[in-house]
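Structure first, then comments.
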Amino acid sequence: MAPRIISHEVTITPHPRARLRSARAADVTRPAAAMRRFTLYRLWAIVLKEFIQMRRDRVTFGMMIGIPLLQLTLFGFAINSDPRHLPTALRIADHGPWARSLVAALRQSDYFAIVRETETEAEAAQLLQRGEVQFVINIPEDFSRRLLRGERPAVLVEADATDPAATGPAIAAARVLATNVFDRDLTGPLAHLRGQAGPVDFQIHALYNPENITQYNVVPGLMGVVLTMTMVIITALAITRERERGTMENLLATPVRPFEVMIGKILPYIAVGYIQVTLILLASHFFFHVPMVGSLLLVYGVSFLFIAANLAMGITFSTLAQNQLQAVQMAFFFFLPSILLSGFMFPFRGMPEWAQAIGSCLPLTHFLRIIRGILLKGNGPAEITSEMLPLLTFLAIAMAVGVKRYRQTLD
Amino acid sequence: MGTAPLTLSSAAAPAGLAIDVSGITKRFGPKTVVNAVDLQVRRGEIYGFLGPNGSGKTTFIRMLCGLLTPDSGQGTCLGYDVLTQQAEIKRHVGYMTQRFSHYEDLSIRENLDFVARIYAVPARAAAVQRSLDRLGLARRSHQLAGQLSGGWKQRLALAACLIHEPQLLLLDEPTAGVDPKARREFWDEIHRLASEGLTVLITTHYMDEAERCHRLAYLAYGKLLTHGTVAEVVAASPLTTWIVTGPQLQAISAVLRGRPGVEQVVAFGNTLHVSGRDARQLEASLAAVQTSAHTWTLGKASLEDIFISLMDGAKDNFS
Ligand SMILES: Nc1ncnc2c1ncn2[C@@H]1O[C@H](COP(=O)(O)OP(=O)(O)OP(=O)(O)O)[C@@H](O)[C@H]1O
Ligand SMILES: [Mg+2]
Numbered sequence: 041m042a043p044r045i046i047s048h049e050v051t052i053t054p055h056p057r058a059r060l061r062s063a064r065a066a067d068v069t070r071p072a073a074a075m076r077r078f079t080l081y082r083l084w085a086i087v088l089k090e091f092i093q094m095r096r097d098r099v100t101f102g103m104m105i106g107i108p109l110l111q112l113t114l115f116g117f118a119i120n121s122d123p124r125h126l127p128t129a130l131r132i133a134d135h136g137p138w139a140r141s142l143v144a145a146l147r148q149s150d151y152f153a154i155v156r157e158t159e160t161e162a163e164a165a166q167l168l169q170r171g172e173v174q175f176v177i178n179i180p181e182d183f184s185r186r187l188l189r190g191e192r193p194a195v196l197v198e199a200d201a202t203d204p205a206a207t208g209p210a211i212a213a214a215r216v217l218a219t220n221v222f223d224r225d226l227t228g229p230l231a232h233l234r235g236q237a238g239p240v241d242f243q244i245h246a247l248y249n250p251e252n253i254t255q256y257n258v259v260p261g262l263m264g265v266v267l268t269m270t271m272v273i274i275t276a277l278a279i280t281r282e283r284e285r286g287t288m289e290n291l292l293a294t295p296v297r298p299f300e301v302m303i304g305k306i307l308p309y310i311a312v313g314y315i316q317v318t319l320i321l322l323a324s325h326f327f328f329h330v331p332m333v334g335s336l337l338l339v340y341g342v343s344f345l346f347i348a349a350n351l352a353m354g355i356t357f358s359t360l361a362q363n364q365l366q367a368v369q370m371a372f373f374f375f376l377p378s379i380l381l382s383g384f385m386f387p388f389r390g391m392p393e394w395a396q397a398i399g400s401c402l403p404l405t406h407f408l409r410i411i412r413g414i415l416l417k418g419n420g421p422a423e424i425t426s427e428m429l430p431l432l433t434f435l436a437i438a439m440a441v442g443v444k445r446y447r448q449t450l451d
Numbered sequence: 005m006g007t008a009p010l011t012l013s014s015a016a017a018p019a020g021l022a023i024d025v026s027g028i029t030k031r032f033g034p035k036t037v038v039n040a041v042d043l044q045v046r047r048g049e050i051y052g053f054l055g056p057n058g059s060g061k062t063t064f065i066r067m068l069c070g071l072l073t074p075d076s077g078q079g080t081c082l083g084y085d086v087l088t089q090q091a092e093i094k095r096h097v098g099y100m101t102q103r104f105s106h107y108e109d110l111s112i113r114e115n116l117d118f119v120a121r122i123y124a125v126p127a128r129a130a131a132v133q134r135s136l137d138r139l140g141l142a143r144r145s146h147q148l149a150g151q152l153s154g155g156w157k158q159r160l161a162l163a164a165c166l167i168h169e170p171q172l173l174l175l176d177e178p179t180a181g182v183d184p185k186a187r188r189e190f191w192d193e194i195h196r197l198a199s200e201g202l203t204v205l206i207t208t209h210y211m212d213e214a215e216r217c218h219r220l221a222y223l224a225y226g227k228l229l230t231h232g233t234v235a236e237v238v239a240a241s242p243l244t245t246w247i248v249t250g251p252q253l254q255a256i257s258a259v260l261r262g263r264p265g266v267e268q269v270v271a272f273g274n275t276l277h278v279s280g281r282d283a284r285q286l287e288a289s290l291a292a293v294q295t296s297a298h299t300w301t302l303g304k305a306s307l308e309d310i311f312i313s314l315m316d317g318a319k320d321n322f323s
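Those sequence lines, one after another, are chains A and B. Each residue of the first sequence is one higher than the last, beginning at 41 in our numbering. Each residue of the second sequence is one higher than the last, beginning at 5 in our numbering.
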């Protein structure tokens, strides 16, 4: 009978001096530079430790799950406002005088900002899909002729209605505007063309959210809001807590590297972030019946970047804060503009330019566009790259500042 | 050094010295907390580091293990440069902080496991178990560190700083608030480790612990005032101590205080220790109050007397 070999950690305990000697012999072969480098085993040590601590801290963990549920309940209702200067593309097939005066009137309107003129239907569709414009206004070939014949030519307005709060008022304004423009010119023998219904038939084609249901817009956005709120706060405490409890002194006395500490503290919370994402997606589907046109896989993929960006922001705060209270305050200072200026509370295009500029620097702004794009418009990787880049940039900067600010000594 | 052959010194280290630094200075703002300290500690030695509160002991130790950067000075720790090779020093030093600094929400085993992972200890599970056994922590290994009493926390901290088999231990007041029996066991353990070749630098406020060190140094106001073996420190001290026995010691001490040459008058049970640095002046003052009811014997100054005298002297220089 062959003896069974027990493989798990056989302890041969030589004299301690011998152990010392062998440890040192290994050092000789290991280049000194190696210990300055990032190592996976130290990273893993931090990750495991954070997981254990997370498990012990039931209250915090409960909050991470509770906050999304609470927010979903609170934001179930709509928030309205009256945004203007919405980017609009024109596709003009008729260059007659009547069409020209309609275009001139559109240009003067507060609601539309004509940013492009396009020739082809395909290009127009692409502009909408990418979110570069909110509207495409199509003036048909025989517009002037049919207007004069009293046939009420149709002007097709294609609207990106993912955010109904943004499109509704503009469409109403367009109807009024057309009536006013032509009323001025339709005089004398043409006066009969004014008619009851107006000389032009505005046909609205609301894309992506045809019923203008606000929840469709709010609920996916909530995913970004919840992640911003919880992820930043949780890591903002990560390093200040170590400092306040005195455990930092011990950690610094070990060979652990700043990058290992940061990544090690971020990774476990990415898992928590994914739990939140899943919760909200489930609620979106089962309670709010939000259509999910695009790929869920893509949603999860992009979420990784967004969650990491917020966690890195939190870590950076925690290297700056002197104590845990300060860290929480900083997190709030970040959270407020995120929720107000990202396009979650108010339609992004309705905000003054300075607010849009601030909003563009925040990861939430880009995440909202991506997530609405994927869920409601069915965007794929190609359409969202332009919004991914700012997220990546933000992540890189936050990480760099954090690592730079992380002090390796107690000085 | 007798039986322990210290053949393992790193290539760069001056033979036999675990710590060899000079002129180490640290300022916090305008305050010089450690002032041009020179220190040599031999390998395998237990070196006591004493000094009043705020004298800069913790600050000095933190500079040795790379937690603080000295403002000036140079030297090596285990053969590595204290200014540039902090990463290497950290790998081979076990540092026990003055304040408990392990995770209170982790169990004893989890804390040890964490440290072992950070140092990439080979055969980790076995190493953790060994250190639990060695320090008698095995039975409590699942208890959260935050729920331990002071003495047990201190054992955990010692176990944690030994797990990666360091060559040098820096222990900052490891026995503060620990009962006498546990303190004795702790020191037995320290001596056992030293006999295995480990170097130990240990700070303490207890005189009996100072006497268990091979050598010691005394720091006050950031300056190193004396160092050597206990015998050397005593011999180097100019302090003369008279021991008085007899009735009404309280009255005598009141009379003696403030007399020229009398620096310390301390009651020890039924005796009075009267010391001063200027032996002639001290004797003159004593002669004036001598009575036949008392016996006066010339004693040996205790370490405590010497340290207090050093500190008073340093304060005079300092202010
Ligand atoms: N980070 C710091 N910033 C400013 N001052 C400091 C800092 N750390 C220590 N000090 C000051 O340096 C002096 C020496 O402190 P240190 O902790 O080294 O003393 P110690 O000898 O360890 O005292 P104790 O016996 O009480 O532990 C003290 O006056 C302290 O206030
Ligand atoms: Mg101290």
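In this text, a Cβ means the ideal position worked out from N, Cα and C, and glycines have one as well.
Not one heavy atom of ligand 1 is found less than 8 Å from the C-beta of residue 154(B). With 16 or more other Cβ atoms from the protein chains shown falling within 10 Å of its own Cβ, residue 131(B) counts as buried. If you check each beta-carbon in the region 77-95 of chain B against every beta-carbon of chain A, the ones closer than 7 Å belong to 91, 92, 94, 95. Residue 81(B) has its alpha-carbon roughly 28 Å from the corresponding atom of residue 188(B). 9 Å or more divides the Cβ of residue 241(B) from the Cβ of residue 265(B).
Under the three-state reduction of DSSP output, residue 89(A) falls in the helix class. Annotation: the region 125-181 of chain A contains the following complete segments of the alpha helix (DSSP H) (minimum length 4 residues), in chain order: 137-148, 161-170. For a cut-off of 8 Å, the C-beta gap from residue 99(B) to residue 165(B) is around 6 Å, short enough to register as a contact.
When C-alpha distances from residue 45(B) are compared across 55(B), 251(B), 204(B), the shortest belongs to 204(B).
Here the alpha carbons of residue 87(B) and residue 79(B) stand approximately 8 Å from one another. Taking C-beta atoms as the reference points, residue 237(B) and residue 230(B) count as a pair closer than 9 Å.
In this structure residue 197(A) touches residue 243(A) by the C-beta definition: roughly 7 Å separates them, less than 8 Å. From the beta-carbon of residue 121(B), the residues of chain A found nearer than 8 Å are 81, 82, 84, 85, 88. Using a CB distance below 8 Å, the part of the region 49-77 of chain B facing chain A consists of 66, 69, 70, 71, 72, 73, ordered along the chain. If you check the CB distance, residue 158(B) and residue 186(B) come in under 9 Å. The region 214-229 of chain B and the region 269-285 of chain B do not touch, with fewer than 3 CB-CB distances between them shorter than 8 Å.
Excluding five sequence positions before and after residue 335(A), none of the CB atoms of its chain fall closer than 6 Å to its own CB. Taking C-beta separations shorter than 8 Å and ignoring five residues to either side along the sequence, the partners of residue 113(B) in its chain run 132, 136, 145, 146, following chain order. Here the alpha carbon of residue 413(A) sits roughly 5 Å from the alpha carbon of residue 419(A). The bridge partners DSSP lists for residue 272(B) are 275(B). Between the C-alpha atoms of residue 327(A) and residue 87(A) there is a straight-line separation of about 35 Å. Contact residues of ligand 1 (beta-carbon closer than 5 Å to any heavy atom; chain order) are 32(B), 37(B), 57(B), 58(B), 59(B), 60(B), 61(B), 62(B), 63(B). A check of alpha carbon separations from residue 118(B) across 90(A), 384(A), 380(A), 378(A) identifies 90(A) as the nearest. Around residue 145(B), no beta-carbon contact reaches into chain A at under 7 Å, the shortest distance being about 14 Å.
Residue environment analysis places residue 77(A) among the exposed positions, since fewer than 16 neighbouring C-beta atoms fall within 10 angstroms of its C-beta.
Taking residue 439(A) as reference, the option from 386(A), 360(A), 199(A) with the minimal CA-CA separation is 360(A).
The Cβ neighbour count for residue 434(A), taken over all protein chains shown within 10 Å, is at least 16; the residue is labelled buried. 293, 294, 295, 296: these are the residues of the region 293-314 of chain A whose beta carbon lies less than 8 Å from some beta carbon of chain B, given in chain order. The three-state reading of DSSP puts residue 78(A) in coil, since its state is none of H, G, I, E or B.
The closest CA to that of residue 450(A), considering only 195(B), 202(B), 69(B), 23(B), is found on 69(B). Around residue 280(A), no beta-carbon contact reaches into chain B at under 8 Å, the shortest distance being about 15 Å. Rounded to the nearest whole angstrom, the C-alpha separation of residue 299(B) and residue 275(B) is 10 Å.
At a cut-off of 8 Å, the beta-carbon of residue 102(B) counts as near ligand 2: some heavy atom of the ligand is closer than that. By the rule that beta-carbons nearer than 9 Å mark a contact, residue 108(B) touches chain A.
Taking 9 Å as the cut-off, the beta carbon of residue 206(B) is found no closer than this to the beta carbon of residue 64(B).
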